[in-house]
Amino acid sequence: NAGVTQTPKFRILKIGQSMTLQCAQDMNHNYMYWYRQDPGMGLKLIYYSVGAGITDKGEVPNGYNVSRSTTEDFPLRLELAAPSQTSVYFCASSFSVDTQYFGPGTRLTVL
Amino acid sequence: AQSVSQHNHHVILSEAASLELGCNYSYGGTVNLFWYVQYPGQHLQLLLKYFSGDPLVKGIKGFEAEFIKSKFSFNLRKPSVQWSDTAEYFCAVKSGGSQGNLIFGKGTKLSVKP
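Structure representation (structure tokens):
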């Protein structure tokens with residue numbers, strides 16, 4: 720099993736550009752999550768999904784959108800990138816409410 | 107709102123020293139508790155977790171944690187640290203009512219000097 724995979728690993732965006740961060744898991748987990756990690760701030764939940772077709776906002780959803788059309792994939796969309804979205808983004812998945820497994824992260828810089 | 111507090115931002119130890127990292131949470135109901143570790147340049151990995159039963163939980167790499175309900179604490183311990191334990195450690199809490207959502211502490215960076 721590859722576990723949780725994320726692409727790209729690094730990306731630099733200009734203000735106002737858009738992009739999609741990809742996340743996929745091959746563990747047949749029903750729950751998936753997107754977090755952002757800022758230095759000294761821990762991880763903040765952006766969006767989560769409890770199954771295909773079901774998504775909900777986390778603590779810091781503004782400026783982001785998600786979709787969950789399949790069990791495996793949970794892309795995160797940034798529509799109008801802003802410097803405040805410079806961060807490291809982690810995707811995670813879990814079977815129900817058990818342990819979350821994290822991907823390797825995407826380091827995003829918005830200039 | 108639920109919150110998780112990790113008392114130390116940065117801990118510096120010499121090899122073979124004992125480690126205790128504090129974690130307190132602010133939820134009074136049923137909780138599930140986790141410690142995750144993030145080695146430099148890597149993603150988060152689970153160290154240990156507590157769901158129920160024995161409040162002393164043993165994890166990987168010689169780590170353990172003790173759940174003290176009366177103190178709302180879940181401190182992480184290791185009797186003798188190694189240089190390879192240099193990493194950032196995150197405490198996380200899931201309340202019984204949440205849909206798997208974890209609340210993370212801000213993390214404690216551990217530096218072990220050889």
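Heads up: the protein sequence lines correspond to chains A and B, in order.
Going from the first sequence to the working numbering is simple: count from 1 and add 719.
Going from the second sequence to the working numbering is simple: count from 1 and add 106.
Glycine included, every Cβ here is placed at the ideal spot set by N, Cα and C.
Can you tell me which of the three DSSP states residue 725(A) falls into? Position 6 of the first sequence holds residue 725(A). The answer is strand: DSSP assigns residue 725(A) an E or B state.
Would you kindly check if the distance between the Cβ of residue 129(B) and the Cβ of residue 115(B) is under 9 Å? In the second sequence, residue 115(B) corresponds to position 9, counting from 1. In the second sequence, residue 129(B) corresponds to position 23, counting from 1. Going by C-beta atoms, residue 115(B) is not nearer than 9 Å to residue 129(B).
Where does residue 770(A) fall in DSSP's three states? Translated into the one-based positions of the first sequence, residue 770(A) becomes position 51. The three-state secondary structure of residue 770(A), taken from DSSP, is strand.
What would DSSP say about residue 817(A), mapped onto helix, strand or coil? For the purposes of this step, residue 817(A) is taken as residue 98 along the first sequence, with counting starting at 1. In the structure shown, residue 817(A) sits in coil (DSSP, three-state: anything other than H, G, I, E or B).
Just the chain A side, please: which residues come within less than 7 Å of residue 149(B) by C-beta, in chain order? In the second sequence, counting from the first residue as 1, residue 149(B) sits at position 43. The answer, in chain order, is 809, 821, 822, 823 and 824.
CA-CA distance, residue 818(A) and residue 142(B)? Along the first sequence, read from residue 1 onward, the residue named residue 818(A) stands at position 99. Along the second sequence, read from residue 1 onward, the residue named residue 142(B) stands at position 36. A straight-line Cα-Cα distance of about 10 Å links residue 818(A) and residue 142(B).
Is the region 788-797 of chain A touching the region 125-139 of chain B in the sense that three or more CB pairs, one from each, lie closer than 8 Å? No contact exists between the region 125-139 of chain B and the region 788-797 of chain A.
Taking 9 Å as the CB-CB cut-off, is residue 135(B) touching chain A? Reading the second sequence from its first residue, position 29 is the one you call residue 135(B). No, because no Cβ of chain A sits closer than 9 Å to the Cβ of residue 135(B).
Pop quiz: residue 789(A) and residue 771(A) are said to be a contact at Cβ under 8 Å. What is the actual Cβ separation, rounded to whole angstroms? By one-based count along the first sequence, residue 789(A) stands at place 70. By one-based count along the first sequence, residue 771(A) stands at place 52. Between residue 771(A) and residue 789(A) the Cβ distance is about 6 Å, and since that is below 8 Å, they are a contact.
Is the Cβ of residue 117(B) closer than 9 Å to any Cβ of chain A? Residue numbering aside, residue 117(B) sits at position 11 when the second sequence is read from its first letter. Taking a beta-carbon distance threshold of 9 Å, residue 117(B) does not count as an interface residue toward chain A.
Using the rule of at least 16 other Cβ atoms within 10 Å of the residue's Cβ for burial, across every protein chain shown, is residue 720(A) buried or exposed? Within the first sequence, the letter at position 1 stands for residue 720(A). Here residue 720(A) is exposed. Its C-beta has fewer than 16 other C-beta atoms within 10 Å.
Using a cut-off of 8 Å between C-beta atoms, extract the partners of residue 212(B) located in chain A. Numbered from its first residue, the second sequence carries residue 212(B) at position 106. Contact annotation for residue 212(B) against chain A: 759, 760 and 761 [CB-CB distance below 8 Å, chain order].
Taking a Cβ distance cut-off of 8 Å, strictly less, list which residues of the region 764-778 of chain A are near chain B, in chain order. If the cut-off is 8 Å between Cβ atoms, the region 764-778 of chain A has 764, 767, 769, 775 and 777 near chain B.
Counting only Cβ-Cβ distances shorter than 7 Å, please list the residues of the region 187-203 of chain B near chain A, keeping chain order. Under the 7 Å Cβ criterion, the region 187-203 of chain B contributes 196 and 200.
Can you tell me which of 824(A), 814(A), 820(A) and 764(A) puts its alpha carbon nearest to the alpha carbon of residue 210(B)? Here the question's residue 210(B) lines up with position 104 in the second sequence. Comparing Cα positions, the closest option is 764(A).
So with Cβ pairs under 9 Å, would you call residue 219(B) a contact of chain A? The residue given as residue 219(B) occupies position 113 in the second sequence. Contacts with chain A at 9 Å (Cβ-Cβ) do not include residue 219(B).
Can you tell me which residues form a DSSP beta bridge with residue 809(A)? Sequence index remark: in the first sequence, residue 809(A) carries index 90 (1-based). Beta-bridge partners assigned by DSSP to residue 809(A): 754(A).
Would you grab the beta carbon distance between residue 193(B) and residue 146(B) for me? Rounded to a whole angstrom, and I think it's under 8 Å. Indexing the second sequence from 1 puts residue 193(B) at position 87. Indexing the second sequence from 1 puts residue 146(B) at position 40. Yes, they are in contact, since the Cβ atoms of residue 193(B) and residue 146(B) sit about 7 Å apart, within 8 Å.
Tell me which residues share the same chain as residue 737(A) and place their Cβ nearer than 8 Å to its Cβ, disregarding the 5 neighbours each side in the sequence. Within the first sequence, residue 737(A) is the residue found at index 18, counting from 1. Setting aside the 5 residues that flank it on each side, residue 737(A) is surrounded in the same chain by 796, 797, 798, 799 and 800, each with a C-beta closer than 8 Å to its C-beta; the list follows chain order.
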